[in-house]
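Enquirer: First the structure, which I've put down as structure tokens, then a few questions once you've had a look.
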Amino acid sequence: MSIEDFYYLSKTSGAMKNPRTRFSDEQFVRNGEDYLFRYLDSNVGRVDAGRRKFIKGMVFGIGAAAVASALGAIRGLEVPIVGAKSYTKMLLVDSTGSPVKASTFTVNDPVIALYEYPLQNEINFILNLGDTNNNPVAVPPSDVTVPADGTKYKFPGGVGPHKSIVSYSAICQHLGCSPPEIHLYPPDEMKPGMPPPALLPPNAITAANSAGIPAVIHCDCHGSTYDPYHGASVLTGPTERPLPAVVLEWDSSTDSLYAVGDVGVPVYGHTNTLVGGTPVSGTSTGVTAKINPFQ
Ligand code: FES
Numbered sequence: 007m008s009i010e011d012f013y014y015l016s017k018t019s020g021a022m023k024n025p026r027t028r029f030s031d032e033q034f035v036r037n038g039e040d041y042l043f044r045y046l047d048s049n050v051g052r053v054d055a056g057r058r059k060f061i062k063g064m065v066f067g068i069g070a071a072a073v074a075s076a077l078g079a080i081r082g083l084e085v086p087i088v089g090a091k092s093y094t095k096m097l098l099v100d101s102t103g104s105p106v107k108a109s110t111f112t113v114n115d116p117v118i119a120l121y122e123y124p125l126q127n128e129i130n131f132i133l134n135l136g137d138t139n140n141n142p143v144a145v146p147p148s149d150v151t152v153p154a155d156g157t158k159y160k161f162p163g164g165v166g167p168h169k170s171i172v173s174y175s176a177i178c179q180h181l182g183c184s185p186p187e188i189h190l191y192p193p194d195e196m197k198p199g200m201p202p203p204a205l206l207p208p209n210a211i212t213a214a215n216s217a218g219i220p221a222v223i224h225c226d227c228h229g230s231t232y233d234p235y236h237g238a239s240v241l242t243g244p245t246e247r248p249l250p251a252v253v254l255e256w257d258s259s260t261d262s263l264y265a266v267g268d269v270g271v272p273v274y275g276h277t278n279t280l281v282g283g284t285p286v287s288g289t290s291t292g293v294t295a296k297i298n299p300f301q
């Protein structure tokens, strides 16, 4: 089992245990894989062909009598207690290993740029935020409230030459969808009635207007919306938790960026952002440009 498969199963386990996303054994017995894959698509994240095969092998490649115990095993799965002892300061580098320069990040770039930190497979956005004219906007420190329990924490604000660069976990705090389902909707995609593949619902635009911000992070899985200008605080549910922020440092003499820590709630699927996976090794982590979700 790959580490990605393991974490998919651990997310499945969390969804099955959650009373709001309860897995129905009765429906599973009646409808078999149709029900199982619909459940996983809606509550855990898209099941691609490779993972479908893996899950089929795990659940349907065994006798009927063993199905219940296989599902029980998934439900009972716990993320192992392994991880990092503390945050390591990591230089952000490109695919050639060269430091990425803060001033080269495009303002309001719709292309999803990601890097792993502090654990492998735990991906984070890096965003250079701007205004409606795509000029960089300084992101000040702000207090972030966690709607789930009313607690608050301090988001340290943006870094870089314009204090406009921020970084957040790219794993939705609702049920763990990841890019391209969750991504930045830059100002050019925030106008009402934009054609597909823009999927921003009117309530997200209304919430952004009320907050006075020109762009949002939105998860197309079930509609959670986050405010990237204020610590990825929650604008619309169903999420009840903000996206955790990676604390960045900018070296003005070299224009390099470093990941140095994390603030906010634990990354989705973890009880502690440092625990439950393998730390990224070394002293650097690679930033990869992924797809443009609007093309
Ligand atoms: S996973 Fe449900 S809104 Fe993101």
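For the sequence shown, the working numbering begins at 7 and goes up steadily by one. Cβ atoms here follow ideal geometry from the backbone N, Cα and C, with glycine treated the same way. Remember, it's a predicted structure, so these values are computed and weren't measured experimentally.
Identify which residue in Leu97, Lys62, Asp149 and Glu246 has its Cα closest to the Cα of lysine 107.
Expert: Locating residue 107 in the sequence shown gives position 101, counting from the first residue. Measuring from the Cα of lysine 107, the nearest candidate turns out to be Leu97.
Enquirer: Does the distance from the CB of isoleucine 132 to the CB of serine 184 come in under 8 Å?
Expert: Along the sequence shown, read from residue 1 onward, the residue named residue 132 stands at position 126. Along the sequence shown, read from residue 1 onward, the residue named residue 184 stands at position 178. Contact annotation: isoleucine 132 and serine 184 have beta-carbon atoms that are not nearer than 8 Å.
Enquirer: Taking 7 Å as the cut-off, is the beta-carbon of threonine 242 closer than that to any non-hydrogen atom of the ligand FES?
Expert: As a working note, residue 242 is residue 236 in the sequence shown. It does not: the Cβ of threonine 242 is nowhere closer than 7 Å to a heavy atom of the ligand FES.
Enquirer: In chain order, what residues of the same chain have a beta carbon less than 6 Å from the beta carbon of isoleucine 61, not counting five sequence neighbours either side?
Expert: Walking along the sequence shown from the start, residue 61 turns up at place 55. Its chain contains no residue whose beta carbon lies nearer than 6 Å to that of isoleucine 61 once the 5 sequence neighbours on both sides are disregarded.
Enquirer: At which residues does the alpha helix (DSSP H) containing leucine 97 begin and terminate?
Expert: Reading the sequence shown from its first residue, position 91 is the one you call residue 97. Counting along the chain, leucine 97 falls outside any alpha helix (DSSP H), though it belongs to the beta strand (DSSP E) covering 96-99.
Enquirer: Can you give the Cα-Cα distance for lysine 197 and isoleucine 211, rounded to whole angstroms?
Expert: Translated into positions along the sequence shown, residue 197 becomes position 191. Translated into positions along the sequence shown, residue 211 becomes position 205. Rounded to the nearest angstrom, the two C-alpha atoms are 8 Å apart.
Enquirer: In three-state terms, what does DSSP make of asparagine 209?
Expert: What you label residue 209 is simply residue 203 of the sequence shown in a count that begins at 1. Helix.
Enquirer: Taking DSSP as the reference, what is the three-state secondary structure of isoleucine 61?
Expert: To locate residue 61, count along the sequence shown from 1; it is residue 55. Note: isoleucine 61 maps to helix in three-state DSSP.
Enquirer: Using only Cβ atoms and a threshold of 5 Å, which residues come within that distance of a heavy atom of the ligand FES? Order them by chain position.
Expert: Cys178, His180, Leu181, Cys183, Cys225, Cys227, His228 and Ser230
Enquirer: Please determine if the segment 281-299 and the segment 148-161 are in contact, where contact requires at least 3 C-beta pairs separated by less than 8 Å.
Expert: no
Enquirer: How far does the beta strand (DSSP E) with asparagine 127 in it reach, from first residue to last?
Expert: In the sequence shown, residue 127 corresponds to position 121, counting from 1. Neither: asparagine 127 is in no beta strand (DSSP E) and is coded neither H nor E.
Enquirer: Looking only at its own chain, which residues have a Cβ that is under 6 Å from the Cβ of leucine 227, when we skip the five neighbours before and after it?
Expert: What you label residue 227 is simply residue 221 of the sequence shown in a count that begins at 1. Note that residue 227 is cysteine in the sequence shown here, rather than leucine. Within the same chain, cysteine 227 has close Cβ partners Cys183 and Glu187.
Enquirer: For glycine 136, name the three-state secondary structure that DSSP assigns.
Expert: Position 130 of the sequence shown, counted from the start, is the residue given in the question as residue 136. It is a strand residue.
Enquirer: So who's on the other strand from tyrosine 235, going by DSSP bridges?
Expert: If you number the sequence shown from 1, residue 235 lands on position 229. Answer by DSSP bridge pairing: none, since tyrosine 235 is not bridged.
Enquirer: Hey, could you find the ends of the alpha helix (DSSP H) aspartate 155 is sitting in?
Expert: Along the sequence shown, read from residue 1 onward, the residue named residue 155 stands at position 149. Counting along the chain, aspartate 155 sits inside no alpha helix (DSSP H), nor does DSSP assign it H or E at all.
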